[in-house]
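K.L.:
Okay, handing you the structure first.
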Amino acid sequence: MTIIYQVITASVILLVGWNLFREKRLVEQMATALVLIPLILRVLMIK
Amino acid sequence: MSSPYAEMVPILLMIATFAAMTFAFKLPVSVSLVGAAILGALVAGQGVPLRHLVEGTLGYMDTLLIIATAMVFMRMIQASGLLDTIAHHLITGFESRPASLLVLMMLFAMSAGMITGSSTAAVLTTGAIVAPAFIALGISKNKTGAIIAMAGILGMIAPPVNIPVMIIGGGVDMPYIGFALPLLVLTLPLAVAIVLLLGLKSIRATTIDRSLLPPTYHRQYGWKLYLPLVILVVLIVLERALPSIVPSFGMPLVFMVCALVAPFTGRRMNPLVVARDAIRAALPVMGILAGVGMFLQIMALTGGRGFIVSLLVGLPLGLLYLSIGLSMPLFGAVSAYGSASILGVPFVLALLGTNEIIVASALSLVAAMGDLMPPTALAGLFAAKVVDQPNYTRVLKHCLIPALLTVGVSLGYIATADFWDRFLFWDNRLALYGILLAITAAVAVVILILDRWVIRHRVATGEAQS
Amino acid sequence: MIEREGGYGRGWTAVVLLLMTGAVLLTASHSFLAMRVDPPIYPGPGVTHVVALSDYFEGLIGTPADTAVYILEGSEPGGTALVLGGTHANEPASSLTAITLIENAQVTRGRLIVIPRANHSAFTCTEPQEGYPQTYTIETPAGPREFRYGSRGTNPIDQWPDPVIYVNAAGQSLAGSEVRNLNRSYPGSPSGNLTEQVAYAIVKLIRQEDIDISIDLHEASPEYPVINAIVAHEDALNIAAEAAMFLEFEGMQIGVERSPANLRGLSHREWGDATDTLALLVEAPNPAQGRLRGQTTAKLIVEGIDPYYVRAAQRGLLYVPFSAEGHPIDERVGRHLQTVATLLDVYNSYTNDDIVVAGIPTLSAVLEQGLGAFLAPPSGPESGL
Ligand SMILES: [Zn+2]
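Protein chains in written order, with this note's numbering: chain A, 4 to 50; chain B, 459 to 924; chain C, 6 to 390.
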């Protein structure tokens, strides 16, 4: 189950990353990058 | 020993910074929360505590995944044509029973919240399914949003799954037993009252406009179209009904599986683009949650949280009710679960001696109102997304009276806890169920009479216009 | 959301933001990963051998939940006692009491088995949104010794995701996050999740080592009703009551609570039901755990002083007295030590299989000399010489 959830998290990260590059407003880009923080830490199983 | 008021400075500054950044500088809520958190830490002499800031965001890890996957699921079944189809059949099937339809759709909208314990999941699934039907019945977009937001919240509190109660119970060592009836008695009458309050006037004023009716794809794709929804229900019910045999999939996995099935069941779509746009729609909320996580962590670190909690629970009994009614929804802005844990537990302890089940049930509903409280306002925000209203405050405006009513009823529930303690925990179960059944039947009859009244009124206005 | 700010976002700004996020993640990760290293425990003269919890259930081998079990065996045969510390890694007096026993106690009759980090995984992280420090230090005569402040539950990295509802092996339904709470997972299951496997291993240890009396050490927030108390399974109720009487006689306030029969999955209920052991749980007051606490610092954990709790006590909101002196760790660990010693004494008066343990510091000794006086120097017993 943990691996499945890592895959789900990884796919959400990719979709968030895709939106980061499509976003045209800097502040919204910042908000998007913020969301990546917990997702990446969890997918790498650090926190 | 430092003065208890020392902790006041960072928290007040954090709130002021947040307000200034959002309202004066028009920055996104998430970025403002981060700014406020950093400043609060600086003022409290903590420097820029990177570890704390990052750690705070992790508190919402599971919520982030639920929101992301639920949003993808919702957009997928919207793109496949399932949402439109269900709305179409609901309206045509219940054309002569509009009031009953309102109530039934309200209960249906609640159902996902009842089994998942999450208002977001409810709004984005069963809420999204009935929203087009409410709109086609002549209820405005914003009111529809308010109805499904309230349905999501009441569903989250209604049994069998009520996470805020479980969180409160975890804090005071109270098992999750005997809550079903007290929670039903609290939530169901409110649900019926709220949907009639918000919807009855609108459906009375309009006849159904056939051209506004969403199209049905039932003939084109057949039963295959409903597959994502069927799988969703099967997986969730299996997980709940047989917890010892079926592994716990968790909401994100269930949503993900159903979202992956959806592209093959109906209208053609590019699933990657649908998923990307779904995440884009969810991103502001996800950002807010990450920001709120940082804010909360710094609040706890600097003592601002303790300042607020100890101020609130220390009030005398009369003010205690006021404090519950105001602070729990306010605090719920950071999430209903957080409010249940941080304030719900101390409030139950402060009210010790009153029936704990009644108190915890009522407190969970008050905490759940936090899902309507900006900046997060999860239920309101997603309801606005479902009805395509970019400005979610328009939806929240219509939630105000239902929310006040709900808080009032909840506080009344606590105040009359002794009565409910005797009535709902009455040893004569047969008599108890008899009375409850009779009341339910009476309400059903009233709704059926309302059906006729609405139809008749429509005819009358039609004649007046001609 | 806000259109006014539009236009400055480019591909390169996204890359810059990603790099910045990476830098933040690297810094934070460094600090998160540092918690995976166990600070040393120095077995005192009484420790005869050290085994692993996985020796009782091999499913734990190589997992982050495997943890050291210290056995202090007397030269004469007698009964066996188990002291469990660190069920909840955010209750420092629990683990510290166990460590003090390991570093000081000497058994002449019977055996004392001590697990200082019962939920080992819980010591490797702090709970999000609580603002806890990762470590705190106790002053010893040879300098400050560092300990970790962990979380209530198993590290989510080691057990993820949580279910919506957790139905434990005893059939109790709980909020999903309780799935990582060791003290809701008893009697555990060999095929369950990591926390349930730990619970299973502990129950198996109790059976295999024929433990006569088991004491689970905890702390609670000052606003929590069960505090400064011994919670006892009905079989252990008179021992708890008698011990409480002796402790009160010595000037230490302590209550006795009967283990509720409908609250399943807790140590004092399931150990007693599933095995022959006398199951007891002891609570001390820890303001750092409470929701009313002010600044969350290492100082609060060690000194236990908090102005909000003083005011809350004045308003009658607490279940324990709370003055400006607070409840320092010396007092909390001292209470636990004294309670363990007294429980063993009372137990001995009922049996021929005595468990005679010397060298347990008393409450008054810990209050006088400070806990640090009973702990090994930071870099080991030899380093002080
Ligand atoms: Zn504990």
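The beta-carbon is built from N, C-alpha and C at its ideal position, and this holds for glycine as well. Bear in mind the structure is a predicted one, so any value in this text is a computation, not a measurement.
#1: Across the region 614-628 of chain B and the region 174-181 of chain C, are there enough close Cβ pairs to call them in contact, namely three or more that are closer than 8 Å?
#2: For a cutoff of 9 Å on Cβ pairs, would you count residue 267(C) as touching chain B?
#3: Rounding to the nearest angstrom, what Cα-Cα distance links residue 44(C) and residue 153(C) in this structure?
#4: Between residue 277(C) and chain B, is any beta-carbon pair separated by less than 9 Å?
#5: Are the beta-carbon atoms belonging to residue 204(C) and residue 363(C) less than 9 Å from one another?
#6: Going by beta carbon distance, what residues of the same chain come within less than 6 Å of residue 882(B), once the five residues before and after it are set aside?
#7: Between 317(C), 87(C), 156(C), 356(C), which has its C-alpha nearest residue 215(C)'s C-alpha?
#8: Leaving out the 5 sequence neighbours to the left and right, which residues in its chain are closer than 7 Å to residue 815(B) when beta-carbon positions are compared?
#9: So, is residue 250(C) buried or exposed, given that buried needs 16 or more other C-beta atoms within 10 angstroms?
#10: Looking at the unbroken alpha helix (DSSP H) that takes in residue 838(B), where does it start and where does it end?
#11: Per the DSSP calculation, residue 116(C) is bridged to which residue(s)?
#12: What would DSSP say about residue 290(C), mapped onto helix, strand or coil?
#13: For the alpha helix (DSSP H) containing residue 338(C), list its first residue and its last residue.
#14: Let me make sure I understand the geometry here. Which of 736(B), 528(B), 609(B), 502(B) has the alpha-carbon closest to that of residue 468(B)?
#15: Tell me whether residue 245(C) sits in a helix, a strand or coil according to DSSP, three-state version.
#16: Which value, in whole angstroms, describes the spacing of the CA atoms of residue 649(B) and residue 672(B)?
#17: Should residue 336(C) be counted as a contact of ligand 1 given a C-beta to heavy atom distance under 8 Å?
#18: Is residue 780(B) helix, strand or coil when you go by DSSP?
#19: In chain order, what residues have a CB nearer than 5 Å to some heavy atom of ligand 1?
#20: Please list the residues of the region 293-318 of chain C that have a C-beta atom closer than 7 Å to any C-beta atom in chain B, keeping them in chain order.
#21: If I follow the unbroken beta strand (DSSP E) through residue 121(C), where does it start and stop?
#22: Using CA coordinates, which residue listed in 618(B), 538(B), 560(B), 904(B) is at the minimum distance from residue 685(B)?
#23: Going straight from the alpha carbon of residue 447(C) to that of residue 166(C), what length do you get?
#24: Distance cutoff 9 Å, beta carbons only. Does residue 711(B) sit that close to anything in chain A?
#25: Please give me, in chain order, every unbroken run of the alpha helix (DSSP H) with length at least 4 that falls completely inside the region 163-246 of chain C.
#26: Using only alpha-carbon positions, find the residue among 296(C), 320(C), 329(C), 324(C) that is nearest to residue 311(C).
#27: Report yes or no: is there a C-beta of chain B within less than 9 Å of the C-beta of residue 44(A)?
#28: Secondary structure at residue 92(C), three-state DSSP: helix, strand or coil?
#29: With distances taken Cα to Cα, identify the nearest neighbour of residue 97(C) among 128(C), 72(C), 68(C).
#30: What's the C-alpha gap between residue 570(B) and residue 505(B)?
#31: Measuring straight from C-alpha to C-alpha, what distance separates residue 389(C) and residue 145(C)?
#32: Would you kindly report the start and end of the unbroken alpha helix (DSSP H) that includes residue 571(B)?
#33: Using DSSP's beta-bridge definition, name the partner residues of residue 57(C).
#34: Assuming residue 19(C) and residue 23(A) form a contact by the criterion Cβ under 8 Å, report the distance between their Cβ atoms to the nearest whole angstrom.
#35: If the cut-off is 9 Å on Cβ atoms, which residues from the region 850-863 of chain B count as contacting chain F, listed in chain order?
#36: Please go through the same chain and pick out, in chain order, the residues whose beta-carbon is closer than 8 Å to the beta-carbon of residue 164(C), but skip the five residues on each side of it.
P.N.:
Let's see:
#1: Touching, yes, given that three or more Cβ pairs across the two stretches are closer than 8 Å.
#2: Working through the third sequence from its first residue, we reach residue 267(C) at position 262. Under the 9 Å criterion on CB atoms, residue 267(C) is classed as interfacial with respect to chain B.
#3: Taking the third sequence and counting its residues from 1, the one referred to as residue 44(C) is at position 39. Taking the third sequence and counting its residues from 1, the one referred to as residue 153(C) is at position 148. Distance between the alpha carbons of residue 44(C) and residue 153(C): 8 Å.
#4: Sequence index remark: in the third sequence, residue 277(C) carries index 272 (1-based). Closer than 9 Å to the CB of residue 277(C) there is not a single CB belonging to chain B.
#5: Here residue 204(C) is taken as the residue at index 199 of the third sequence, counted from 1. Here residue 363(C) is taken as the residue at index 358 of the third sequence, counted from 1. Not closer than 9 Å, so no.
#6: The residue you call residue 882(B) lines up with position 424 of the second sequence. Within the same chain, residue 882(B) has close Cβ partners 639, 640.
#7: Sequence index remark: in the third sequence, residue 215(C) carries index 210 (1-based). Residue 87(C) is the option with its Cα nearest to residue 215(C).
#8: By 1-based counting over the second sequence, the position of residue 815(B) is 357. Closer than 7 Å at Cβ, skipping near neighbours: 636, 637, 640.
#9: Position 245 of the third sequence, counted from the first residue, corresponds to residue 250(C). Label assigned to residue 250(C): exposed.
#10: Here residue 838(B) refers to the residue found at position 380 when the second sequence is read from its first residue. For residue 838(B), the enclosing alpha helix (DSSP H) begins and ends at 836-844.
#11: Within the third sequence, residue 116(C) is the residue found at index 111, counting from 1. In DSSP, residue 116(C) forms a bridge with 78(C), 85(C).
#12: One-based indexing of the third sequence puts residue 290(C) at position 285. Strand, per DSSP.
#13: Position 333 of the third sequence, counting from 1, holds the residue named residue 338(C). Where residue 338(C) is concerned, the enclosing alpha helix (DSSP H) stretches over 334-353.
#14: Within the second sequence, the letter at position 10 stands for residue 468(B). Of the listed residues, the one whose Cα sits closest to residue 468(B) is 502(B).
#15: Numbered from 1 along the third sequence, position 240 holds the residue referred to as residue 245(C). Look at residue 245(C) here: in three-state DSSP terms it is helix.
#16: Looking up residue 649(B) in the second sequence gives position 191. Looking up residue 672(B) in the second sequence gives position 214. Each residue's alpha carbon lies about 26 Å from the other.
#17: Stepping through the third sequence from its first residue, residue 336(C) is reached at position 331. No, Cβ of residue 336(C) sits at least 8 Å from all heavy atoms of ligand 1.
#18: Here residue 780(B) refers to the residue found at position 322 of the second sequence. In this structure, residue 780(B) counts as helix in the three-state DSSP scheme.
#19: Any residue whose Cβ sits closer than 5 Å to a heavy atom of ligand 1 makes the list: 93(C), 96(C), 223(C).
#20: The region 293-318 of chain C vs chain B, Cβ under 7 Å: 296, 297, 298, 299, 300, 301, 310, 312, 313, 316, 317.
#21: For this step, residue 121(C) is matched to residue 116 along the third sequence. Neither: residue 121(C) is in no beta strand (DSSP E) and is coded neither H nor E.
#22: Position 227 of the second sequence, counted from the start, is the residue given in the question as residue 685(B). Closest by alpha carbon: 538(B).
#23: Residue 447(C) is absent from the structure shown; chain C starts at 6 and stops at 390.
#24: Here the question's residue 711(B) lines up with position 253 in the second sequence. Residue 711(B) counts as touching chain A.
#25: List check, alpha helix (DSSP H) in window: 199-213.
#26: Position 306 of the third sequence holds residue 311(C). Looking only at 296(C), 320(C), 329(C), 324(C), the smallest Cα-Cα distance to residue 311(C) is reached by 329(C).
#27: By one-based count along the first sequence, residue 44(A) stands at place 41. For residue 44(A), the answer is yes, since a Cβ of chain B falls inside 9 Å of its Cβ.
#28: Locating residue 92(C) in the third sequence gives position 87, counting from the first residue. Annotated three-state conformation of residue 92(C) is coil, per DSSP.
#29: Residue numbering aside, residue 97(C) sits at position 92 when the third sequence is read from its first letter. Considering only alpha carbons, the answer is 128(C).
#30: For the purposes of this step, residue 570(B) is taken as the residue at position 112 of the second sequence. For the purposes of this step, residue 505(B) is taken as the residue at position 47 of the second sequence. Roughly 44 Å between the two C-alpha positions.
#31: To locate residue 389(C), count along the third sequence from 1; it is residue 384. To locate residue 145(C), count along the third sequence from 1; it is residue 140. The predicted model places residue 389(C) with a pLDDT of 47, which falls under 50 and marks its position as unreliable; any figure quoted below should be read in that light. Straight-line Cα distance between these residues: approximately 10 Å.
#32: In the second sequence, the residue the question calls residue 571(B) occupies position 113. That run of the alpha helix (DSSP H) goes 556-574.
#33: Taking the third sequence and counting its residues from 1, the one referred to as residue 57(C) is at position 52. Residue pairing of residue 57(C) in beta bridges, as defined by DSSP: 73(C).
#34: Numbered from its first residue, the third sequence carries residue 19(C) at position 14. Numbered from its first residue, the first sequence carries residue 23(A) at position 20. So it is a contact: roughly 5 Å between Cβ atoms.
#35: As a matter of chain content, chain F is missing from the structure shown, whose protein chains are A, B and C.
#36: Taking the first residue of the third sequence as position 1, residue 164(C) is located at position 159. Closer than 8 Å at the Cβ level, and outside the excluded window around residue 164(C), lie 126, 184, 185, 198, 199, 200.
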